[in-house]
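Trainee: Numbering (my numbering), first residue to last: 799 to 1792.
Below you will find the structure I want to go over with you.
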């Protein structure tokens, strides 16, 4: 069989292995983070957050049709889209490695000998399997995120450029360039990561088109590649919407034409200009001009998928982020303006002082017949700027972390040395090389912040909890060793190709790190961003097989034996990897992310308003409502988005069974820059200090009354909060008649709700929450999600009643109830009868530490804990036992390890006379804490903390000591002998820290 057929078969074999691997481990429903949003938006072609990924959504919609009308299968079918795209990535990776391997040998495929064929195909298979079973790529391959498909476009573009390089006929080669341009255009509709490969890939074009390679030529080719990248980023992605709005404003404001006319003219003019240029260049035999213009046209065809957002937004779908339904908002959406910007080459650092605020670019709104300027974006002028500012964030939490990481005290000013040290240690080290080592060295655990595995540490030396951590991998550095051999081999044999590969590796890795300019902490691990870099290194791992044959196995005289032996040695690497990574990437039969959303929705009464905060307490709820149709009577109101005019406008519309929210502000009163922040400025009037009527205050804000305004440095007047004390009047009898206030609190229905909101500025979302509360008149139930940050409750905790995963707002204050009160009747029914816990008690299902064992499990255990606590207080021990037993049934230690909240269960088991169960829980936690403290205190003493990170080591020590101390206190009141044994363990570890 000739090489071409074997190469084709080998590629499809790699595809099949990847496809089977990912199909067996794919998430069966919507994952946490953005996946719930993407699935919901793909299923109904809605508008997600910018950049929107419209091409991914279109394919996702097609994939969802295979659900066969079963809405519970929709998520799986869209997840399978990532599976398929990722398997195709492996296919093209195999063929890319094969092409590079042939170039190293210096022969065409048909001229390869049998031993060379084995070597090239074996190297391709090893590289493909290493990437298939690598940590970061596998993570993205089994969920409905854009990174699997983005990797596919990176892979097929690199492969297509190498194929183009082989084609000698210029006409045929130019067709491949047009095909590559189309792929680039389509990739923009998925993710922009693919674009960073363009400057490096331009070198292969230069190599083919020049007779003599020179340094000047290489630099010129790179500069041209950078120009093309700049044209795409600035001229197309953000430039087209900017030019479009320029013509739109000209046609509407100056020529008096209807809205949309300028945009239509610009699009038609662009098409006409391109058409003319293509026809002219073709007639005049300007081949390169013709090819460039056709390629640009195909990039625009791919980019045109963004019209999906404009079209669908005009139908006002429930998820319609940024509402890009007109030229103005569509331009804002495409330019991703909501994310702001970070200084890249020159700008302020965290100690820089604001010296002036100037008027920046005008902010427009649509008037009756033209675009009107309603405000100007502030342009901040800073003193103390720095080149390449890495320590730029002035968020107080970030500032504290900068100082901690750099060892600076409150009075020390950071210099360029500290700035670069942060870049090298945190941005390059923590945010890139740590992830690189995860994939090719081994990962210490799935605990956030963990680094590379100490590969020579015995597993038996670890605490049991870490021995069994499924995120822990140890590759014994084999992929790195093979990869270094591969890159050196390519450098020695094909230095020109090595330069391209090295630039691809840098641009998709450290280059992205520099561009992204990460703050000192992120909401989650970001390794998935750098999979393009890991892709290139995995190719080098494959080429390392050829290096083994050429360098290491020289003593074998038979070429075929040498090739077979090299491939056999190389295959050990991916096969060893999969034994380590499979257990940590198997998401099959995992459903709690959706059950978490259902439980939160089922915590609230019919027709409720539910305030949520972040991605993981909003996107899963969107999925549950939009796809599975669960509790569509509930209005999920995300507080992060409630600070935007477009989202507030959407909240004022009816959605499914949920009526519009009672918001009294008009859109013009909430446009960007208006009422974004109302500073607290105390009014000296004693009557105002004593309290202000909330409805009257909101009316003053709406009318921009001078009585509550102050002047800012630009000379403008802004509204303020003049008092910390607020009160809201209501009809006590009407509230009582609704029956949601428990009988024991009805005496508190005075007709006036008074509270102190605290000395704080009001952000626009806070203002909207207050407005909804005021205008609602207690007609609809209002709930705050239990996962919100403390500030989001607006000091209303004493007015809140826990009914599951959410707190219901009451007009009754319960003094001292710092975390609200518990409605045991409602909450018992919710937790015991309505909530779902599918497979949470299955020890074979993987629940990772980074996501599941945090908010979802903490929320679940906290609900059981609060309910049991209140039932014990009410003397209902029988129901308290049912609740406690149910908690252990659905979240046993075998599947969900006991934490500090579980330790509290011992208190209540003792209280109801179940001392054996209390002891069982306590013993498990004490034994685990003892093992972990012994291990981590020793690591802290010896300084061997690299694989865990000092923060994690200290966190383990502090939390385990806290658990031990708590259990000592609990058992002292119930079992003195047991308490003494726990105290001995606690004292032992305290002494070891001295």
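Idealized CB from N, CA, C, for every residue including glycine.
Just so it is clear, the structure is predicted and the values come from calculations on it, not from any experiment.
Below 7 Å between beta carbons: does that hold for residue 1055 and residue 1064?
Mentor: Their beta carbons are not under 7 Å apart, which means residue 1055 does not touch residue 1064 by this criterion.
Trainee: For my contact list, residue 1384 and residue 1644 are in at a C-beta cut-off of 8 Å; report their separation, rounded to the angstrom.
Mentor: Contact holds; Cβ gap of about 6 Å.
Trainee: By DSSP, does residue 1664 sit in helix, in strand, or in coil?
Mentor: In the structure shown, residue 1664 sits in a helix (DSSP, three-state: H, G or I).
Trainee: Output the distance between the C-alpha atoms of residue 1297 and residue 1408, rounded to the nearest integer angstrom.
Mentor: Those two C-alpha atoms are separated by around 55 Å.
Trainee: Where does residue 799 land, buried or exposed, given buried means 16+ other C-beta within 10 angstroms?
Mentor: Residue 799 comes out exposed.
Trainee: Taking the alpha-carbon of residue 843 as reference, which of 1111, 1180 and 1675 has the nearest alpha-carbon?
Mentor: Ranking the options by Cα distance to residue 843, first place goes to 1111.
Trainee: For residue 1434, report the span of its beta strand (DSSP E) as first-last.
Mentor: Unbroken beta strand (DSSP E) run through residue 1434: 1433-1436.
Trainee: Report the three-state DSSP secondary structure of residue 1149 (helix, strand or coil).
Mentor: Residue state, collapsed to three classes: coil.
Trainee: On a Cα-Cα basis, can you pick out the residue from 895, 827, 1108 and 889 that is closest to residue 849?
Mentor: Checked all of 895, 827, 1108 and 889; the closest Cα to residue 849 is 1108.
Trainee: Could you check whether the region 819-835 touches the region 1371-1385, counting it as contact only if at least three pairs of C-beta atoms, one from each stretch, sit closer than 8 Å?
Mentor: Contact between the region 819-835 and the region 1371-1385 is present, because at least three Cβ pairs lie under 8 Å.
Trainee: Out of curiosity, what's the CA-to-CA distance linking residue 1240 and residue 1740?
Mentor: So the alpha carbons of these two residues sit roughly 22 Å apart.
Trainee: Give me whichever residues DSSP pairs with residue 1170 in a beta bridge.
Mentor: Looking at the DSSP assignment, residue 1170 forms a beta bridge with 1163.
Trainee: Cutting at 7 Å between CB atoms, please list the residues of its own chain near residue 1794, excluding the five before and the five after it.
Mentor: Residue numbering for the chain in the displayed model covers 799 to 1792; residue 1794 lies beyond these limits and cannot be assessed.
Trainee: Since residue 1039 and residue 1023 should fall inside the 8 Å C-beta cutoff, what is the C-beta to C-beta distance between them, to a whole number of angstroms?
Mentor: About 24 Å; that fails the 8 Å criterion.
Trainee: Which residues mark the beginning and the end of the alpha helix (DSSP H) in which residue 1714 is found?
Mentor: From DSSP, the alpha helix (DSSP H) with residue 1714 extends over 1713-1740.
Trainee: Would you identify the three-state DSSP class for residue 1177, choosing helix, strand or coil?
Mentor: Strand at residue 1177.
Trainee: Taking the alpha carbon of residue 1649 as the point to measure from, which residue in 1269, 1306, 939 and 1400 has its own alpha carbon closest?
Mentor: Of the listed residues, the one whose Cα sits closest to residue 1649 is 1269.
Trainee: By how many angstroms is the C-alpha of residue 857 removed from the C-alpha of residue 863?
Mentor: Between residue 863 and residue 857, the C-alpha separation is close to 10 Å.
Trainee: How should residue 900 be labelled, buried or exposed, when 16 other C-beta atoms within 10 angstroms of its C-beta is the threshold for buried?
Mentor: Counting Cβ neighbours within 10 Å, residue 900 comes out buried, since at least 16 surround it.
Trainee: Would a C-beta distance cut-off of 7 Å place residue 1815 and residue 1618 closer than the cut-off?
Mentor: Residue 1815 is absent from the model: the chain starts at 799 and stops at 1792.
Trainee: Starting from residue 1600, trace the alpha helix (DSSP H) in both directions and tell me its first and last residue.
Mentor: First-last for residue 1600: 1598-1600, but that is the beta strand (DSSP E), not the alpha helix (DSSP H).
Trainee: Since residue 1604 is in the beta strand (DSSP E), which residue starts that stretch and which ends it?
Mentor: Counting along the chain, the beta strand (DSSP E) containing residue 1604 begins and ends at 1604-1607.
Trainee: Thinking C-alpha only, which one of 1264, 1525, 1397 and 1428 is nearest residue 1628?
Mentor: Nearest C-alpha to residue 1628: 1397.
Trainee: Pick out whichever of 835, 868, 866 and 802 has its Cα sitting closest to the Cα of residue 852.
Mentor: Ranking 835, 868, 866 and 802 by Cα distance to residue 852 puts 835 first.
Trainee: Considering only heavy atoms of the ligand ZN, does any lie closer than 6 Å to the CB of residue 929?
Mentor: Only the bare structure without any ligand can be found here, which leaves the ligand ZN out of the picture.
Trainee: Can at least three beta-carbon pairs, one atom from the region 1697-1715 and one from the region 1740-1752, be found at a separation below 8 Å?
Mentor: Result no; under three Cβ-Cβ pairs closer than 8 Å.
Trainee: Please go through the same chain and pick out, in chain order, the residues whose beta-carbon is closer than 8 Å to the beta-carbon of residue 1319, but skip the five residues on each side of it.
Mentor: So the qualifying residues of the chain are 1195, 1196 and 1199.
Trainee: Can you give the Cα-Cα distance for residue 1641 and residue 1693, rounded to whole angstroms?
Mentor: If you take the alpha carbons of residue 1641 and residue 1693, they lie about 4 Å apart.
Trainee: Is residue 1793 near residue 1130, with beta carbons less than 7 Å apart?
Mentor: This structure leaves residue 1793 out entirely; the chain is present only between 799 and 1792.
Trainee: Residue 1380 to residue 839, Cα distance in whole Å?
Mentor: Rounded to the nearest angstrom, the two C-alpha atoms are 30 Å apart.
Trainee: Among 1093, 879, 1186 and 1217, which residue has its Cα nearest to the Cα of residue 940?
Mentor: Per the Cα distances, 879.
Trainee: Run through the DSSP bridge pairs and tell me what residue 1475 is partnered with.
Mentor: Per DSSP, 1561.
Trainee: Go through its chain and collect everything with a Cβ distance to residue 1357's Cβ below 6 Å, but skip five positions before and after it.
Mentor: Result list for residue 1357: 913, in chain order.
Trainee: Assuming residue 1523 and residue 1556 form a contact by the criterion Cβ under 8 Å, report the distance between their Cβ atoms to the nearest whole angstrom.
Mentor: Rounded, the Cβ-Cβ distance is 10 Å, inconsistent with contact.
Trainee: Report yes or no: do the region 1208-1223 and the region 1325-1343 share at least 3 C-beta pairs separated by less than 8 Å?
Mentor: No: the two stretches stay apart, fewer than three of their Cβ pairs being nearer than 8 Å.
Trainee: What residue range is occupied by the uninterrupted beta strand (DSSP E) comprising residue 1516?
Mentor: Per DSSP, residue 1516 belongs to the beta strand (DSSP E) from 1515-1517.
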